[in-house]
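The structure appears right after this line, and notes come after that.
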Amino acid sequence: MNWHAVRAIYLFEMARTKRTLLQSVLAPVITTSLYFVVFGAAIGARIPEVEGVSYGAFIVPGLIMLNLLTQSVSNASFGIFFPKFSRTIYEILSAPVSHFEIVLSYVGAAASKAVILSLIILATATFFVPLRIEHPLWMVGFLLLTAVSFSLLGFILGIWADNFEKLQLVPLLIITPLTFLGGSFYSIDMLPAAWRTLSLFNPVVYLVSGFRWSFYGTADVAVGVSLAMALLFLAVFVGVATWMLRTGYRLKP
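Per the working numbering, the sequence shown starts with residue 46, numbered consecutively.
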């Protein structure tokens with residue numbers, strides 16, 4: 046294992062966040078604050094509690110998961126796509142670095158940035174609503190598992206995409222809608238029976254539900270099922286990424 050190469054790529058990707066601090070950190074924090082103002086104040090006045098939790102506090106895990114999914118995918122996809130686009134990836138491919146080490150460094154950096162931003166959003170939320178975390182280890186586990194899984198998905202998208210339009214296709218048309226419809230701002234138990242059954246086919250429901258359980262001990266689905274789904278995502282994305290590496294699928298521009 047060439048740890049020097051992994052460290053170099055990892056630190057380079059982390060340094061990119063410092064160069065785009067307003068876009069990478071400040072913008073998501075401001076957006077989350079606006080969600081609290083709009084949803085927490087306006088809708089929260091009409092829905093005082095959900096499952097014994099104030100509405101403002103109830104949406105915090107959903108907001109964190111929304112940012113975690115989008116940031117994990119976007120950071121990892123752009124991280125590997127831009128070297129392909131600028132053709133600087135030849136420098137990496139010609140270096141004594143294996144494909145596994147490339148994935149480890151890019152996915153590790155994307156997951157790290159997503160987790161750091163999620164923790165910043167969690168800290169920001171404490172200024173708006175009172176929070177409690179009943180199962181902190183489970184919270185960290187779901188956070189890391191989701192960040193790594195969807196950073197792998199972003200890496201896969203970055204290899205698959207051959208232009209910027211395709212790079213934004215999945216996050217905008219699939220990830221974000223599924224997250225909004227995955228119980229981020231409501232409990233699926235509040236839906237009619239038919240819509241609740243349909244919601245169970247949304248994979249993001251299980252991530253949001255498990256993550257919310259780690260905060261308040263309430264969930265739309267059993268926490269064991271949520272954990273199993275999170276592990277399934279990780280296994281599937283690892284399998285696809287492994288296949289891409291073995292076949293050299295679109296790694297070169």
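Beta carbons: idealized from backbone N, C-alpha and C, even for Gly.
Burial state of residue i (16 or more Cβ within 10 Å)
| i | result |
| --- | --- |
| I219 | exposed |
| P175 | exposed |
| S139 | exposed |
| M235 | exposed |
| Y100 | buried |
Integer-rounded CB distance, given that residue j should sit under 8 Å from residue i
| i | j | result |
| --- | --- | --- |
| A159 | Q116 | 4 Å |
| A156 | S196 | 4 Å |
| T77 | L114 | With 8 Å as the limit, T77 and L114 do not qualify as a contact, their Cβ atoms being about 14 Å apart. |
| P106 | V253 | 7 Å |
| F200 | I104 | Incorrect: roughly 29 Å between the Cβ atoms, too far for contact. |
| G255 | L272 | 6 Å |
| S259 | I178 | 7 Å |
| M110 | T224 | 7 Å |
| Y55 | S150 | 5 Å |
| N47 | V148 | Not quite, the Cβ-Cβ distance comes to about 13 Å (not below 8 Å), so this is no contact. |
| V70 | L162 | 6 Å |
Backbone secondary structure at residue i - three-state DSSP
| i | result |
| --- | --- |
| S99 | strand |
| E210 | helix |
| E179 | coil |
(message) Does the contact criterion of 3 or more C-beta pairs under 8 Å hold for the region 191 to 202 versus the region 278 to 291?
(response) yes
(request) Tell me the start and end of each unbroken alpha helix (DSSP H) in the region 115 to 151 that is at least 4 residues and wholly inside, in chain order. (result) 134 to 138
(request) Determine contact between the region 201 to 215 and the region 226 to 240, defined as no fewer than three beta-carbon pairs at a distance below 8 Å. (result) no
(request) Tell me the start and end of each unbroken alpha helix (DSSP H) in the region 223 to 270 that is at least 4 residues and wholly inside, in chain order. (result) 238 to 244, 248 to 261
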